[in-house]
Each structure stands twice: as C-alpha cells, then as structure tokens.
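Asker: 109 is the number that this note's numbering gives to position 113 of the sequence shown; each next residue is one higher, with no gaps. Quick one: the structure is below, and I'll ask about it shortly.
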Amino acid sequence: MVTRKTSISRFGVSLEADLLRRFDSHIAAEGYTNRSKAIADMIRKEFVSDTFNRGGVIAGVITIFYDHHKRELVNRIMDIQHDHSGIIISAQHIHMDHDNCLEIIAVKGLCPKIKELSDSLKSIKGVKHTTLSVTTVGK
Ligand code: NI
C-alpha cells in the first residue's frame, strides 16, 4: 500500500476574545475536541460551497421519497435517471412500507447537471420529499 504524506502548516489566528469563546463553545457542541480539525472542516465546507456556486464538479447524494402506487411515477423516475446516467454512480431502492419507497442516488459531476437531475425528480407529481446533499470530490 502506498501512503501519501500530507504536509501540515501551522499558522496563528487573531480573534476577538468573545468570538473565540463562541467558536469554542460551538465546536464543542458539535463534538470537536480540537480547533484545528474544526477549522479545517469549515474551510473544506466553504470550498465545497464555492465549487457548488461556480458550477464545478461535486459528488453528492440525492434522496427521493415517493408512493410507488402513483400512476406512471416509477417509470418517470426511471426515465429521468437513465437520461442522467453519466452522472449517476449508483442507486439504491428501499421499500419503506407498503406504499412508500426511498431511493438514494449517488452522483458525481458538474453541479448544474446534478442540480438539474435533483430538480427534475423533485418536480414529479407524487414525489413527497427530495434532498440534495453535496460534498467534495477530494481535489
Ligand atoms: Ni419500493
């Protein structure tokens, strides 16, 4: 196995005392035990958000919840996914109860394409809830 070493840089940050207190309290509530990891996560979150806003390449997960008894709904969902096969990595279908299904669709690609897929699924009549969660592709 090849391991790639990441070099670590240290830097000092000057903050208002009250802002630092609030920051420490905030990250403690989120389970962080040190500031470095919390700050690194915030920076990455900002980069993901920036990539999303600029229409760059992102990875993500779309979830859709729907009643599979609705006419034509399942076919419509399937057609849309086939039309976007280039950005869909995998899809998982879960039968939640007698009526309802949950689909989890893992995606990777240009943000506008992913948004278009998510919006197309969301706007289908009978789809009860849709979420789009985005993350980095690691670059
Ligand atoms: Ni089902």
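Note that beta-carbon positions come from the ideal geometry of N, C-alpha and C, so glycine has one too. Model, not experiment: these values are computed from the prediction.
If distances are taken between C-alpha atoms only, which option among 123, 118 and 52 comes closest to residue 109?
Answerer: Comparing Cα positions, the closest option is 52.
Asker: By alpha-carbon positions, which one of 81, 12, 95 and 84 ends up nearest to residue 67?
Answerer: 95
Asker: If distances are taken between C-alpha atoms only, which option among 9, 100, 129 and 54 comes closest to residue 32?
Answerer: Measuring from the Cα of residue 32, the nearest candidate turns out to be 9.
Asker: Can you tell me which of the three DSSP states residue 93 falls into?
Answerer: coil
Asker: Going residue by residue through the region 21 to 78, where are the continuous alpha helix (DSSP H) segments of at least 4 residues, counting only ones entirely within it?
Answerer: Whole alpha helix (DSSP H) segments, 4+ residues: 31 to 50.
Asker: Would you say the beta carbon of residue 91 comes nearer than 8 Å to a heavy atom of ligand 1?
Answerer: yes
Asker: Would you please state the rounded distance, in angstroms, between the beta carbons of residue 100 and residue 59? I believe it to be under 8 Å.
Answerer: Taking C-beta atoms under 8 Å as the contact rule, residue 100 and residue 59 qualify, at a distance of about 5 Å.
Asker: On the three-state DSSP scale, how would you describe residue 138?
Answerer: The structure shown does not extend to residue 138, since the chain is modelled only from -3 through 135, so no value can be given for it.
Asker: Tell me whether residue 81 sits in a helix, a strand or coil according to DSSP, three-state version.
Answerer: Looking at residue 81 - three-state DSSP - the assignment turns out to be coil, as it is neither helix nor strand.
Asker: Just to confirm my understanding: we take residue 129, look at its own chain, exclude 5 residues before and 5 after, and list those with CB closer than 7 Å. What are they?
Answerer: 56 and 57
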